[in-house]
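Protein chains in written order, with the UniProt record's numbering: chain A, 1 to 667; chain B, 1 to 248.
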């Protein structure tokens, strides 16, 4: 296996995790007190990992750039979290959740990891309910479920449209309990600027206190990176403004392989771009597709009239609308997976049927659901001979119960009432399936450096199904990492505290300081955002929803040129010795300018279409993605060799022993 | 449109701050308020001046990071939204807009419009959790049935985003709405009842230690809360606190 040993346990799939847990080394509770762990990032993965590791007895230090761990962007996840509980009795099982996830990931995730994810999913719900997470309930007091894109069962647990918030607050509360006990020391408004290796092992980090500007050294026996995804390299995305790749990228430069960087999820239901001033995009939960029907006008002239404001969508009758997802994918309809729904929207808009000013929007229409719910309510309330207006009122109330906060959010941003006129939506960058390569223990190729949640690559393949990211974050943090890290740390019980006055820390700190100085020394002409926006345009136009070899080659060249220009001409006001948001942004954009090139290189290397990676050269006559299992059923893991163009490709072959690899079809 | 901005500038916690005037042209009505500030900052940077620092992150109204006092109101003129959801269509050409950080002794200014809200974290650390082990094997989730009405009420309290608008809106800079929302979330659930008395006592004690003022039932917090957290929670917290003190 060489450098890429996935350490997957042998034996039957369903027994692998149990067997592995029984066989890995444990650390005696008394010895855990002598072991320090750094956790970078405090979202669902980092927060839950920190809480559990501290509870087990390790000394934990957490780092986040936000002013409080509670603000990590996991908080913005809306729709829900999956678990194979089969409370609805609709045929769900661990195997089915595993199967849907592998299939949804277009057969580019690691089988054993995904099975483990499905297996521990049921524990997540139990855990969160025990913590007081207020999930939606039915009148009988039991938990409610709904369905999500890409599956045919209702296995998604939710808390209105704010599930991520409630799950994150649960993990944050668990962290707080450990902070109060003195087992976690929380460093907020801190950013990791480098990883420190001693004898080839991850032994600490260099961090910057973002308020004082001070550069700090922190040592530990192991470092966990739970720093989320890198979708912000597109500039416009549904990520929070501060999301960055810094910690993962620094680890990559120190020897951690970066896997599948080109696998990026484009989410189909986001509020469309309105203008050049825009700083970010807002997602409308995928759960809306349960009740919303997606359409564009059938006739080009109607689409044009709508764009010009001469026609309203409500003026078009059923027969004048093209419900293109229902037409193309009758079995799944509006609930096809995200990559399929996104590409279909782009296809219609590219063909001239877009409905907003820029022609880059389709409708998500709730009128049918409102009338259906209204009729049901009228019937169950014993109301007879009710008119349409009353039915609509009743229906709107039910829809408000289910999605009220999302509708309110839409109205605030777009200034239109989505109860009365269909929402406009368009795909946007939402989640990255690529990340640091990890083995079954979630360890990167650097011993002692772990990656959890969106920061790693293992569970989502080329595409991700709805409500599965929250599941993975919490599974990694609560149930996987706390076990697997012990296997590594059991060798460290006699090591003692790691000193921070070593040559390795000296060198890492010097590197960090030199780089900050270099950033600040520019006498340049352009702001950081100027470069970020330029990078984003290249990424979206040439490495976005569809890619081809010619444009990818152009992108690689353009990004390298932009990076050079950045280092010569960026302008950062102020000083590094205090709070300086421009300096913070500059460091992050500098990393994106390197990662972007590797991203394009990875996309160019992968001569197939697969999940979120759609290469125009590889498609079926009907325009569906054409996968090449013969040649590309592998994880591309890139080794840093200096410039991104020099990165060296390693391949982890994906072996499917328990499912038959099939063409994905949602027809 | 053209705007006349008066913005609080302060280098750091230990220096004095002052209001500074800026004129900004070319603002479009579909920009968000924060995007308007982005544009101002781009202008400042191009002139070699230091940009105005403000806290923000998710820009979709849920992380609770943004925290501007706009024309004297937390999160600006509209109700039930955060600053990142406020759009310039709420303003007119030629308007003067006063932008300040949250004002409260317990929220010291970090820089410009950024304040330190870690006091909220410490209140949570004093007891805003259920003491259950995350590495254990909890009972099946459906073994704890919860009446829908109670679950919904608990959820409504739990939607607090911890932005601090309640404190900024209160003439006494009281943190009662925030603290009571957390107390209520757990007090309403069977899982949280066991340690409810201890929780409310510890959290209220910490809230007082942090230097937040008292509640005088003015209700400004509820009016300005972007998530519509109800005053009912304060009443509930007071009942919880009283009953905890009596039990002693």
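Just so you know, even glycine gets a beta-carbon here, dropped at the ideal spot from N, CA and C.
Our contact map puts residue i next to residue j with C-beta atoms below 8 Å; I'd like the distance itself, whole angstroms only.
| i | j | result |
| --- | --- | --- |
| residue 418 of chain A | residue 345 of chain A | Between residue 345 of chain A and residue 418 of chain A the Cβ distance is about 17 Å, and since that is not below 8 Å, they are no contact. |
| residue 203 of chain B | residue 126 of chain B | 5 Å |
| residue 207 of chain B | residue 123 of chain B | 5 Å |
| residue 41 of chain A | residue 170 of chain A | Actually they do not touch by this definition, with Cβ atoms about 17 Å apart. |
Is there a C-beta anywhere in chain A that falls below 8 Å from the one on residue i?
| i | result |
| --- | --- |
| residue 154 of chain B | yes |
| residue 104 of chain B | no |
| residue 75 of chain B | no |
| residue 111 of chain B | yes |
| residue 79 of chain B | no |
| residue 233 of chain B | no |
| residue 129 of chain B | yes |
| residue 125 of chain B | yes |
| residue 3 of chain B | no |
Suppose you measure from the CA of residue i to the CA of residue j; what does that come to, to the nearest Å?
| i | j | result |
| --- | --- | --- |
| residue 130 of chain B | residue 184 of chain B | 13 Å |
| residue 104 of chain A | residue 653 of chain A | 19 Å |
| residue 226 of chain B | residue 82 of chain B | 6 Å |
| residue 155 of chain B | residue 135 of chain A | 8 Å |
| residue 341 of chain A | residue 22 of chain A | 42 Å |
| residue 19 of chain A | residue 478 of chain A | 19 Å |
| residue 118 of chain A | residue 152 of chain A | 16 Å |
| residue 145 of chain A | residue 133 of chain A | 15 Å |
| residue 630 of chain A | residue 608 of chain A | 10 Å |
| residue 262 of chain A | residue 223 of chain B | 46 Å |
| residue 282 of chain A | residue 153 of chain B | 27 Å |
| residue 149 of chain A | residue 343 of chain A | 14 Å |
| residue 668 of chain A | residue 6 of chain B | As shown, chain A starts at 1 and ends at 667. That puts residue 668 of chain A outside it, with no answer to give. |
| residue 420 of chain A | residue 367 of chain A | 8 Å |
| residue 13 of chain A | residue 88 of chain A | 25 Å |
| residue 422 of chain A | residue 174 of chain B | 42 Å |
| residue 22 of chain B | residue 4 of chain B | 6 Å |
Does at least one heavy atom of the ligand ZN sit under 7 Å from the Cβ of residue i?
| i | result |
| --- | --- |
| residue 14 of chain A | Here there are no bound small molecules, and the ligand ZN is not part of this structure. |
Taking only beta-carbon atoms, is residue i less than 8 Å away from chain B?
| i | result |
| --- | --- |
| residue 559 of chain A | no |
| residue 520 of chain A | no |
| residue 82 of chain A | no |
| residue 177 of chain A | yes |
| residue 429 of chain A | no |
| residue 425 of chain A | no |
| residue 90 of chain A | no |
| residue 265 of chain A | no |
| residue 1 of chain A | In this prediction, residue 1 of chain A scores a pLDDT of 37, lower than 50, which makes its location untrustworthy; no coordinate-derived value is stated. |
| residue 32 of chain A | no |
| residue 211 of chain A | yes |
| residue 565 of chain A | no |
| residue 52 of chain A | yes |
| residue 482 of chain A | yes |
| residue 165 of chain A | yes |
Buried or exposed for residue i, going by 16 or more other Cβ atoms inside 10 Å?
| i | result |
| --- | --- |
| residue 497 of chain A | exposed |
| residue 1 of chain A | Reliability fails at residue 1 of chain A, whose pLDDT of 37 lies under 50, so the model's placement of it is uncertain and the value that follows must be treated cautiously. Counting Cβ neighbours within 10 Å, residue 1 of chain A comes out exposed, since fewer than 16 surround it. |
| residue 525 of chain A | exposed |
| residue 205 of chain B | exposed |
| residue 139 of chain B | exposed |
| residue 331 of chain A | exposed |
| residue 173 of chain A | buried |
| residue 220 of chain B | buried |
| residue 297 of chain A | buried |
| residue 655 of chain A | exposed |
| residue 592 of chain A | buried |
| residue 230 of chain A | buried |
| residue 550 of chain A | exposed |
| residue 208 of chain A | buried |
| residue 43 of chain A | buried |
At the 8 Å Cβ level, is residue i part of the contact set with chain D, yes or no?
| i | result |
| --- | --- |
| residue 613 of chain A | In summary, chain D is missing from the structure at hand, where the protein chains are A and B. |
Quiz item: Can you list the alpha helix (DSSP H) stretches of 4 or more residues lying completely in the segment 43–76 of chain A, in chain order?
Solution: 44–56
Self-check item: Complete runs of the beta strand (DSSP E) confined to the segment 15–72 of chain B [at least 3 residues]
Solution: 18–24 and 68–70
Exercise. Would you mind listing the alpha helix (DSSP H) stretches within the segment 322–353 of chain A that are 4+ residues and don't spill past its ends, in chain order?
Key: 324–328 and 338–348
Exercise. Entirely within the segment 109–163 of chain B and at least 3 residues each: give me those beta strand (DSSP E) ranges in chain order.
Key: 109–111
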